[in-house]
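Asker: Quick one: structure below, then a few questions.
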Amino acid sequence: GQSLEQPSEVTAVEGAIVQINCTYQTSGFYGLSWYQQHDGGAPTFLSYNALDGLEETGRFSSFLSRSDSYGYLLLQELQMKDSASYFCAVRDSGGGADGLTFGKGTHLIIQP
Amino acid sequence: SQTIHQWPATLVQPVGSPLSLECTVEGTSNPNLYWYRQAAGRGLQLLFYSVGIGQISSEVPQNLSASRPQDRQFILSSKKLLLSDSGFYLCAWTQGNYGYTFGSGTRLTVV
């Protein structure tokens, strides 16, 4: 089966940089995705990494190391609106029709 | 542009009552459709997925069922709800571009 591990909670200061790590165990790995979910809302897609390396999209970057079964989401210049839960998810051959398996999420708390 | 609609937004149902949640997608054809459930403070659990009309695959055995009567319509049902069915139900679609688009969700409370 598939499993993903990420910290349950991370606290950071407004304007700072924070990194949310994710390790996974899966078979037939295709890629690692990141989603953001605000309280009471639906998850929204942030990024996808299929190959090793860093993908940058504005203030957010995502990194993948396939050999280490590890990835992270990097958030820069933190803003209060970044307070949310962040989920990593793997796309693998066991998911069916691009089905994703999600981690339990990291609650990011931004302090002023 | 593509949009996904899900309703109702909230629902309170007694134990043993039936359930029907509907999800429709606009602006695309032949999408892959998914039903996920999220328990309070937890991750998302894949319940069902569909690659086409009438094609349903279940990831987790439960007292829920899904149907896809039209290309862009996905329905989640139950004949008799259990307390453990409470949660946040999310419909999602993708066309294989690795990014899921989720509906706004239905918060179901079984009492």
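For the protein sequence lines, the chains are A and B, in the order given. Position one of the first sequence corresponds to residue 70 (our numbering), numbered consecutively onward. Position one of the second sequence corresponds to residue 7 (our numbering), numbered consecutively onward. Note that beta-carbon positions come from the ideal geometry of N, C-alpha and C, so glycine has one too. Just so you know, these numbers come straight off a predicted model, no measurement behind them.
Closest to residue 182 of chain A by C-alpha separation, out of A:143, A:105 and A:101, would be which residue?
Answerer: Residue 182 of chain A cannot be examined here, being either before or after the span of chain A that is shown, 70 to 181.
Asker: Could you give the first and the last residue of the continuous beta strand (DSSP E) run that contains residue 179 of chain A?
Answerer: Its beta strand (DSSP E) spans residues 175 to 180.
Asker: Taking 8 angstroms as the threshold (C-beta atoms), are residue 79 of chain A and residue 89 of chain A in contact?
Answerer: Contact flag set, yes.
Asker: Using the three-state DSSP reduction, which class does residue 89 of chain B fall into: helix, strand or coil?
Answerer: Residue state, collapsed to three classes: helix.
Asker: Taking residue 11 of chain B as part of the beta strand (DSSP E), name the residues at either end of that continuous run.
Answerer: Run containing residue 11 of chain B: 9 to 13, per the beta strand (DSSP E) assignment.
Asker: Who are the Cβ neighbours of residue 98 of chain B in its own chain at under 6 angstroms, not counting the five residues just before and after it?
Answerer: Excluding positions up to five away in sequence, the list reads 40, 106 and 108.
Asker: Is the beta carbon of residue 92 of chain A less than 8 angstroms from the beta carbon of residue 136 of chain A?
Answerer: Result no, Cβ atoms of residue 92 of chain A and residue 136 of chain A do not sit closer than 8 angstroms.
Asker: Against residue 43 of chain B, what residues of chain A qualify as contacts under a CB-to-CB distance less than 8 angstroms, listed in chain order?
Answerer: Correct list: empty, because the minimum Cβ distance to chain A is about 11 angstroms.
Asker: Roughly how many angstroms separate the alpha carbons of residue 77 of chain A and residue 38 of chain B, rounded to a whole number?
Answerer: Spanning the two alpha carbons is a distance of roughly 30 angstroms.
Asker: Rounded to whole angstroms, what is the Cα-Cα separation between residue 70 of chain B and residue 127 of chain A?
Answerer: For residue 70 of chain B and residue 127 of chain A, the distance between alpha carbons rounds to 40 angstroms.
Asker: Alpha carbon to alpha carbon, how far is residue 61 of chain B from residue 90 of chain B? Give it in angstroms, no decimals.
Answerer: About 26 angstroms.
Asker: In angstroms with no decimal places, state the Cα-to-Cα distance between residue 118 of chain A and residue 124 of chain A.
Answerer: Straight-line Cα distance between these residues: approximately 7 angstroms.
Asker: For residue 83 of chain A, which residues of its own chain have a beta-carbon under 8 angstroms away from its beta-carbon, when the five flanking residues on both sides are left out?
Answerer: Counting only Cβ-Cβ distances below 8 angstroms, and skipping sequence neighbours, we find 147, 148, 149, 179, 180 and 181.
Asker: What residues are listed by DSSP as bridge partners for residue 113 of chain B?
Answerer: Answer is B:16 and B:94, bridged to residue 113 of chain B.
Asker: Please report the straight-line C-alpha distance between residue 15 of chain B and residue 83 of chain B, rounded to a whole angstrom.
Answerer: Roughly 16 angstroms between the two C-alpha positions.
Asker: Considering just the uninterrupted stretch of the beta strand (DSSP E) at residue 128 of chain A, what are its terminal residues?
Answerer: Premise fails: residue 128 of chain A is in no beta strand (DSSP E) and is neither H nor E.
Asker: Let me make sure I understand the geometry here. Which of B:50, B:95 and B:48 has the alpha-carbon closest to that of residue 12 of chain B?
Answerer: That would be B:95, whose Cα lies nearest to the Cα of residue 12 of chain B.
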